[in-house]
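Right, one structure below, let's go through it.
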Amino acid sequence: MGLLSNSYFALFLIIALGFIVGRIKVKGLSLDVSAVIFVALVFGHYGVVVPKDFQYFGLLLFIFTIGIQAGPGFFESFKKDGRMLASLATILILSAGVITSLLILFFNIDKNIAIGLLTGALTSTPGLAAAIDYTNSPLASIGYGVGYPFGVIGVILFVRFLPKLLNTSIKKAEEDEKQMLRENFPKIEKKFFIVENKNVVGKTIGELRIRYMTKAVVSRVVHDGVAITPSPETILHKGDIIKAVGTLEALNSVNLLIGSETTKEIPLDPNFDVRSVLVTNKEVVNKTLAQINLLNTYNATITRIRRSGIDISPSPSSRLQFGDKLIIASSKANMGMVTQIFGDDAKRLSDTDILPIAIGIILGVLIGRISISFGSYTFSLGLTGGVLIIALVLSRIGKTGPILWTMTGAANQLLRQIGLLLFLAAVGTDAGAQIVQTFQQYGFNLFLIGAVITIIPMVIAAFAGKWLFKMNILRLIGAITGSMTSTPGLAAADSMTGSNAPSVAYATVYPVAMVLLIVLVQILSLLG
17 MGLLSNSYFA LFLIIALGFI VGRIKVKGLS LDVSAVIFVA LVFGHYGVVV
67 PKDFQYFGLL LFIFTIGIQA GPGFFESFKK DGRMLASLAT ILILSAGVIT
117 SLLILFFNID KNIAIGLLTG ALTSTPGLAA AIDYTNSPLA SIGYGVGYPF
167 GVIGVILFVR FLPKLLNTSI KKAEEDEKQM LRENFPKIEK KFFIVENKNV
217 VGKTIGELRI RYMTKAVVSR VVHDGVAITP SPETILHKGD IIKAVGTLEA
267 LNSVNLLIGS ETTKEIPLDP NFDVRSVLVT NKEVVNKTLA QINLLNTYNA
317 TITRIRRSGI DISPSPSSRL QFGDKLIIAS SKANMGMVTQ IFGDDAKRLS
367 DTDILPIAIG IILGVLIGRI SISFGSYTFS LGLTGGVLII ALVLSRIGKT
417 GPILWTMTGA ANQLLRQIGL LLFLAAVGTD AGAQIVQTFQ QYGFNLFLIG
467 AVITIIPMVI AAFAGKWLFK MNILRLIGAI TGSMTSTPGL AAADSMTGSN
517 APSVAYATVY PVAMVLLIVL VQILSLLG
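For my numbering, count along the sequence shown from 1 and bump the result up by 16.
Given below as structure tokens:
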């Protein structure tokens, strides 16, 4: 064995080879990071062992970062249309669970292999992590390895053929989606108005409650040729020109309240500044704009908030999140102080505070050890469930005192990738020792069973989405790929349309499906 007996050398060799294999594309498809487990299976077959400490360390990092990322989306998914999408995910996951249960109970498939097949068929690495934790068996890894390849290919093929299967036009679905987006997420614009309404002349902006009445923000006022940043005490005079920012509906309300629209724009005062400011100061995270009270303190106005690529019209009740980009209008004299309040330090976005991660994982491990008895059965969240639930809750809370539970996307991605690689390398070598024996016992049947677990739940979900929920085909495709936790499937969906509807549905459904699958894995592990 030589160098391969050195676990550290073997670990990084498996990871390196896994990355090389994962980048090989066949017809545009690749195994990506999941190739690590296939390389590890081969090494494990030849007697290479990666210590279990790496497995658990990687598992904890991976599950915690998944929970932190998924938390806000998981809880938001139960609002509005998210409930419908979450219901579809529930139907798909439960149908996959029923099929797996039948395999265990009536087809004499080993329980641990069947659970692994389920996680592979749904291409869910968090599900595999839960399976390893709850079954404590390397057979789950073998099942995952067998079910995963068709899990990737099957979802892509299904997504490609679904519009024809349901006799639905992608073009019509795109038009319907655009109309819905125009209604639900109106574009934020700016317009200029002349003060003409005699009912507002001589009154202050505070008295008129313009933001409350119209949902628009007045960011500039010109009186007698002088442009100023308005405060609640600013008096409107007949003939003044105001600049308002908001949705088209909000600006129409300003038109009715103030006066007619004008094409005459307000010139930029040399002492006036409009700047994009990043929220990187922990002290203002989770605070509302009313609590910060920029207008009264610094005579500055936030005209819009950009979050996750979406422009949000600000209101006094808007809560700030770490990494928000604010468009702020203020005098140059005050802009420095305003910027300091929010931080505006791009370097902070790449900083990683280890303390919240350590505290979160400790709490998760402790919660996971709590057991609840139901007759002869004992239920506990386990290592995976405990850490996941705590991460979801902490991500939702966002901040406790000086501790910020959320982390930037780059930091989350790095830690999650490290955790996943360590986990896959360790469980793969452990399972590799039994892979030949397993195939000798079950043969090609395992692959066929994995294909059944992949296809049938998607068919059930597709018909439920079409006829039960009357779902747009674009959102249905996104919901199915999200429920199957299939990023390659989402990539296939994106290539079929210019709409981001599949991505939005995927992001909404993914955290729900992930949590449901982890719960399902634990329930299946209790079967006799």
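Beta carbons are placed, not taken as given, at the ideal position from N, Cα and C, and that holds for glycine.
- Item | Where D69 falls, given that 16 or more other Cβ within 10 Å makes a residue buried | As a first step, residue 69 is located in the sequence shown; it is residue number 53 there, counting from the start. Burial call: exposed.
- Cross-strand partners of E277 (DSSP beta bridge): The residue given as residue 277 occupies position 261 in the sequence shown. Its beta-bridge partners are F209.
- Message: Assess contact between the region 425-445 and the region 70-81, defined as three or more Cβ pairs (one per stretch) separated by less than 8 Å. Is contact present?
- Response: yes
- Message: Less than 7 Å between C-beta atoms, sequence neighbours within five positions excluded: which residues of the same chain meet that for N213?
- Response: For the purposes of this step, residue 213 is taken as residue 197 along the sequence shown, with counting starting at 1. Excluding sequence neighbours, N213 sits near L273, I274 and G275.
- Query: Since T355 and V293 are thought to touch, with beta carbons under 8 Å apart, how far apart are those beta carbons, to the nearest angstrom?
  - Reply: On the sequence shown, residue 355 is found 339 positions in, with the first residue counted as 1. On the sequence shown, residue 293 is found 277 positions in, with the first residue counted as 1. Confirmed, about 5 Å.
- Query: For A130, which residues from the same chain have a beta carbon less than 7 Å from its beta carbon, with the 5 sequence-adjacent residues on both sides left out?
  - Reply: Counted from its first residue, the sequence shown places residue 130 at position 114. Closer than 7 Å at Cβ, skipping near neighbours: T116, L119, I120 and G159.
- Can you give me the Cβ contacts of K415 inside the same chain, cut-off strictly under 6 Å, excluding the 5 residues immediately before and after it? Stepping through the sequence shown from its first residue, residue 415 is reached at position 399. Counting only Cβ-Cβ distances below 6 Å, and skipping sequence neighbours, we find V301 and N302.
- Limits of the unbroken alpha helix (DSSP H) element including D149: Against the sequence shown, residue 149 aligns to sequence position 133. Per DSSP, D149 belongs to the alpha helix (DSSP H) from T141 to T151.
- Query: Taking DSSP as the reference, what is the three-state secondary structure of G481?
  - Reply: Taking the sequence shown and counting its residues from 1, the one referred to as residue 481 is at position 465. Looking at G481 - three-state DSSP - the assignment turns out to be helix.
- Message: With H, G and I counted as helix, E and B as strand and the rest as coil, what does DSSP make of S387?
- Response: Numbered from its first residue, the sequence shown carries residue 387 at position 371. It is a strand residue.
- In or out: D240 buried (at least 16 other Cβ within 10 Å) or exposed? For this step, residue 240 is matched to residue 224 along the sequence shown. Exposed is the call here.
- Item | Closest Cα partner of I53 within the set R236, V66 and I386 | Here the question's residue 53 lines up with position 37 in the sequence shown. For I53, the closest alpha carbon among the candidates R236, V66 and I386 is that of V66.
- Task: Using the Cα positions of I496 and L371, report the straight-line distance between them to the nearest angstrom.
- Result: By 1-based counting over the sequence shown, the position of residue 496 is 480. By 1-based counting over the sequence shown, the position of residue 371 is 355. Cα to Cα, I496 sits roughly 37 Å from L371.
- Query: Taking the alpha-carbon positions, what's the I476 to D192 distance?
  - Reply: Here the question's residue 476 lines up with position 460 in the sequence shown. Here the question's residue 192 lines up with position 176 in the sequence shown. Each residue's Cα considered, the two are about 24 Å apart.
- Close-in-space but distant-in-sequence residues of the same chain around S411 (CB under 7 Å, 5 per side omitted): Walking along the sequence shown from the start, residue 411 turns up at place 395. These residues qualify, in order along the chain: G83, I84, G87, P88, W421 and T422.
- Item | Buried or exposed by the 16-neighbour rule on C-beta atoms within 10 Å, applied to V237 | Along the sequence shown, one-based indexing puts residue 237 at 221. Buried is the call here.
- Span of the alpha helix (DSSP H) holding G435? To locate residue 435, count along the sequence shown from 1; it is residue 419. Its alpha helix (DSSP H) spans residues G425 to G448.
- How big is the Cα-Cα spacing for G545 and A467? Beyond the ends of the chain as shown, which are 17 and 544, falls residue 545; an answer cannot be given.
- Query: Going straight from the alpha carbon of D360 to that of F208, what length do you get?
  - Reply: Residue mapping note: residue 360 aligns to position 344 of the sequence shown, counting from 1. Residue mapping note: residue 208 aligns to position 192 of the sequence shown, counting from 1. If I take the Cα positions, the gap works out to 29 Å.
- Task: Kindly indicate the opening and closing residues of the alpha helix (DSSP H) around R412.
- Result: Within the sequence shown, residue 412 is the residue found at index 396, counting from 1. Here the alpha helix (DSSP H) through R412 covers G398 to I413.
- Query: From I472, L532, K298 and L440, pick the residue whose C-alpha is nearest to that of I419; which is it?
  - Reply: Here residue 419 corresponds to residue number 403 of the sequence shown, with the count starting at 1. Cα-wise, what sits closest to I419 is K298.
- Task: With S9 as the anchor, note down where its beta strand (DSSP E) starts and where it stops.
- Result: Nothing can be reported for residue 9: it is not among the residues displayed for the chain, which extend from 17 to 544.
- Going by CA-CA distance only, name the one from P165, K127 and I148 that's closest to S46. Here residue 46 refers to the residue found at position 30 when the sequence shown is read from its first residue. Selected option, being the one with the closest Cα: P165.
- What residue range is occupied by the uninterrupted beta strand (DSSP E) comprising A345? Within the sequence shown, the letter at position 329 stands for residue 345. Taken as a continuous stretch (DSSP letters only), the beta strand (DSSP E) holding A345 covers K341 to S347.
- If you count every other CB in all the chains shown that lies within 10 Å of the CB of P473, and 16 or more means buried, which is it? To locate residue 473, count along the sequence shown from 1; it is residue 457. Label assigned to P473: buried.
- Do you know offhand how far D327's Cα is from R320's? In the sequence shown, the residue the question calls residue 327 occupies position 311. In the sequence shown, the residue the question calls residue 320 occupies position 304. Computed Cα separation, rounded: 7 Å.
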